[in-house]
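Listed in order, the protein sequences are those of chains A and V. Here the first sequence is numbered in our numbering, starting from 1 and rising by one per residue. Here the second sequence is numbered in our numbering, starting from 1 and rising by one per residue. Beta carbons: idealized from backbone N, C-alpha and C, even for Gly.
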Amino acid sequence: MTSWIAFLQEVLLYGPQILQGLGNTLLLAVIITFNGLVGGILVFYLTLSPRSVVRRLTDGYISFFIGTPLIVLLFLMYYGLPQWGLPLSPLTVAVLGFTLNVAAYNARYLRTAYNGLDQQELEAARAQGFSGLEVFRYITLPQTLRLSVPALTNQAILNLKDSSVAFLIQYTEFFAEVQELATRTFQYFKAYLLAGLVYLLLVSIIVLAARRLEKAILRPMH
Amino acid sequence: MALLEVRKLVKAFDGKAVLDGVDLDLEEGQVKVIMGPSGCGKSTLLRCINRLTEPTSGQVIFRGEDVTRPDTDVRALRQRIGFVFQNFALYRHLSALDNIKLGLRKLRAMSEQEATSRAEHELRRMMMQDHGAKYPAQLSGGQKQRVAIARALAMDPAVLFFDEPTSALDPHMSREVVALINQLYLDNVTMLCVTHDVFLARHISDRVLFLDHGCVRAEGDADHLLEDHEDPHIRAFFGRETQGQ
């Protein structure tokens with residue numbers, strides 16, 4: 001018990017750094033969740049293009065980013081690009097890498113939901129006189145977003161958890177600070193347990209929010 | 001002048017003609033029914049007229065204007081044709097009221113208040129005023145049909161197209177659709193209706209057009225066509241259908 005109290009005292013001592021790290025984690029997670037959603041919608045829109053070249057290129061993009069480990073992309077940009085005279089900050093690399101990756105996943109979720117839409121509703125919208133973009137904006141997108149809420153919130157959870165990978169490119173996020181705490185106090189078990197609990201708490205908040213969102217917007221559609 | 005004149009309309013898919021030179025006239029205020037066996041091109045005909053499907057050749061003249069020309073404003077054309085789909089095709093993420101309001105707000109640029117009052121008016125006309133807040137999933141087939149008609153009528157179309165309006169309804173609801181279409185006829189709404197349903201055809205229209213293999217095989221009074229037509233093929237078709245009722 002006394003060792004836990006001693007450990008918590010250390011945590012309090014490192015409190016400001018840990019909180020700053022937590023702030024950085026949340027910053028990155030919020031940015032990539034937002035960018036990934038906007039990017040995902042854009043990529044999804046391109047998968048519906050009437051031009052087969054655009055569709056093929058978009059499918060290629062999705063397959064490439066789903067098929068490539070994110071860490072490779074991050075290392076390529078963070079350690080590789082400076083060799084070409086293009087040094088980027090850790091946050092920039094993390095935002096770019098995650099956005100490209102998450103957008104591909106989100107586009108795939110939206111596309112899967114799109115396959116389940118009633119095509120006659122889309123035809124009805126065209127028959128009413130809506131343009132292709134208007135049909136997308138008023139019918140396709142609202143419906144696919146609603147159907148994708150579970151998949152998109154899962155992705156938001158993954159974003160939060162995977163943001164810890166950014167510590168490998170020197171981005172001082174929450175896990176990096178916990179790592180620091182662990183090595184300084186030699187309390188590895190307690191430090192990582194603390195990290196796990198904090199992530200669990202944050203994920204629980206997302207899950208609860210997602211459930212409320214689902215109840216509010218999904219129920220009337222079924 | 002006819003509201004709609006279709007001349008030698010051809011639609012081929014992969015070289016196979018689904019419509020093979022169809023002629024059709026629809027006068028203002030008229031209700032015309034198109035019948036024929038499955039796959040005869042009935043629905044394709046409706047879709048070619050509002051250019052949801054591009055016709056291969058031929059002309060569609062809408063109020064004196066050839067709307068098959070490449071410079072036609074297709075979206076403006078579609079806004080003048082109300083289309084009621086087979087499965088009603090209500091936007092499932094919107095309430096009944098919002099289904100009607102969407103076109104008014106976005107295509108007619110009406111204010112929120114104007115659109116709401118217009119949509120409520122159309123729902124009342126269809127006796128659906130108590131169901132405006134419900135979502136399509138909470139409505140019965142007949143109720144969805146009424147909302148779909150209200151959605152089409154709200155746009156003040158020159159003509160209303162029905163694609164198999166009774167195929168997704170039970171017999172009781174089908175009779176209600178007959179009453180509904182007749183009420184619209186009295187309100188001077190021009191209608192073109194594609195159907196298999198002899199009961200519907202007989203009770204909503206005096207002019208029936210029989211389409212077969214992409215051609216108009218016969219056109220005439222409902223009684224003549226449905227009862228004792230000289231063409232044995234047509235007699236056989238309706239004979240089978242009426243026995244099956």
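Contact set for residue i: own chain, Cβ-Cβ below 6 Å, skip 5 residues either direction
i	result
R105 (chain V)	A115
E5 (chain V)	D25 and I61
Q170 (chain A)	P90
Y91 (chain V)	N99
F7 (chain A)	Q187 and K190
Y114 (chain A)	T144
M191 (chain V)	V31 and L160
Q145 (chain V)	F88
Closer than 8 Å to chain A by CB, residue i
i	result
Q79 (chain V)	yes
R146 (chain V)	no
L102 (chain V)	yes
A115 (chain V)	no
M246 (chain V)	Residue 246 (chain V) is absent from the model: chain V starts at 1 and stops at 245.
N188 (chain V)	no
F83 (chain V)	yes
A89 (chain V)	yes
First through last residue of the beta strand (DSSP E) which encompasses residue i
i	result
M35 (chain V)	V31 to M35
I81 (chain V)	I81 to V84
E5 (chain V)	L4 to F13
F162 (chain V)	V159 to D163
G21 (chain V)	K16 to L26
D212 (chain V)	R207 to D212
S167 (chain V)	From DSSP, S167 (chain V) is part of no beta strand (DSSP E); its letter is neither H nor E.
C-beta neighbour in chain V for residue i, strict 8 Å
i	result
R212 (chain A)	no
F130 (chain A)	yes
R108 (chain A)	no
Q179 (chain A)	no
E248 (chain A)	What is shown of chain A runs 1 to 222, which leaves residue 248 (chain A) out entirely.
Q120 (chain A)	yes
K215 (chain A)	no
Contact set between residue i and chain V, taken where Cβ atoms lie within less than 8 Å
i	result
R126 (chain A)	L52 and R78
R146 (chain A)	H93
Partners in chain V for residue i, counting only beta-carbon separations shorter than 7 Å
i	result
P16 (chain A)	Under the 7 Å cutoff, chain V gives no residues; its nearest Cβ is about 46 Å from P16 (chain A).
E173 (chain A)	What E173 (chain A) touches in chain V: nothing, since even the nearest Cβ is about 37 Å away.
P142 (chain A)	H93
Neighbourhood of residue i by C-beta, 8 Å cutoff - its chain only, sequence neighbours within 5 removed
i	result
T58 (chain A)	V43, L46, T47, S49 and A107
F136 (chain A)	Y45 and L48
E241 (chain V)	Its pLDDT being 48, under 50, E241 (chain V) is placed unreliably by the model, and the measurement read from it follows with that caveat. Excluding sequence neighbours, E241 (chain V) sits near H196 and V198.
Q20 (chain A)	T172 and E177
Amino acids of chain A, ordered along the chain, whose beta-carbon sits closer than 8 Å to that of residue i
i	result
K106 (chain V)	F130, E134 and Y138
R75 (chain V)	G129, F130 and S131
Of the listed residues the options, nearest to residue i (C-alpha basis)
i	options	result
V147 (chain V)	V:L225, V:V31, V:F199 and V:A89	V:A89
I61 (chain V)	V:K8, V:V31, V:G82 and V:G39	V:K8
R166 (chain V)	V:V177, V:A218, V:L26 and V:D156	The sequence as given places Thr at residue 166 (chain V); Arg does not occur at that position. Per the Cα distances, V:V177.
Q9 (chain A)	A:T185, A:L202 and A:I206	A:T185
Q143 (chain V)	V:D66, V:A168 and V:V22	V:A168
N1 (chain V)	V:Y91, V:D71, V:G58 and V:Q30	Before going further, note that residue 1 (chain V) is Met rather than Asn in the sequence given. Considering only alpha carbons, the answer is V:Q30.
R161 (chain V)	V:V189, V:R175, V:G141 and V:E227	In the sequence as displayed, the identity of residue 161 (chain V) is Phe instead of Arg. Selected option, being the one with the closest Cα: V:V189.
H93 (chain V)	A:V178, A:I139 and A:Q20	A:I139
G82 (chain V)	A:G196, A:A195, A:E123 and A:L19	A:E123
S163 (chain A)	A:I5, A:Q17 and A:L74	A:L74
V95 (chain A)	A:L13, A:Y61, A:L133 and A:T25	A:T25
T68 (chain A)	A:V102, A:P150 and A:A182	A:V102
T112 (chain A)	A:W4, A:R126, A:I41 and A:A156	A:I41
H203 (chain V)	V:R175, V:D212 and V:T56	V:R175
Boundaries (first-last residue) of the alpha helix (DSSP H) holding residue i
i	result
C48 (chain V)	K42 to I49
Q143 (chain A)	L141 to L147
E112 (chain V)	E112 to R125
L37 (chain A)	G15 to T47
G220 (chain V)	Premise fails: G220 (chain V) lies in the beta strand (DSSP E), C215 to D221, not in any alpha helix (DSSP H).
S174 (chain V)	P171 to L186
Below-8 Å beta-carbon distance, residue i vs any chain B residue
i	result
A218 (chain V)	You won't find chain B in this structure, because its protein chains are A and V.
Chain-order list of residues whose beta-carbon lies under 7 Å from that of residue i (same chain, five-residue window excluded)
i	result
T53 (chain V)	K11, T44 and R47
K73 (chain V)	According to the sequence as given, residue 73 (chain V) is Asp; it is not Lys. Hits under 7 Å: none found.
S95 (chain V)	G132, A133, K134 and Y135
E122 (chain V)	I100, A150, L153 and A154
I66 (chain A)	A104, Y105 and R108
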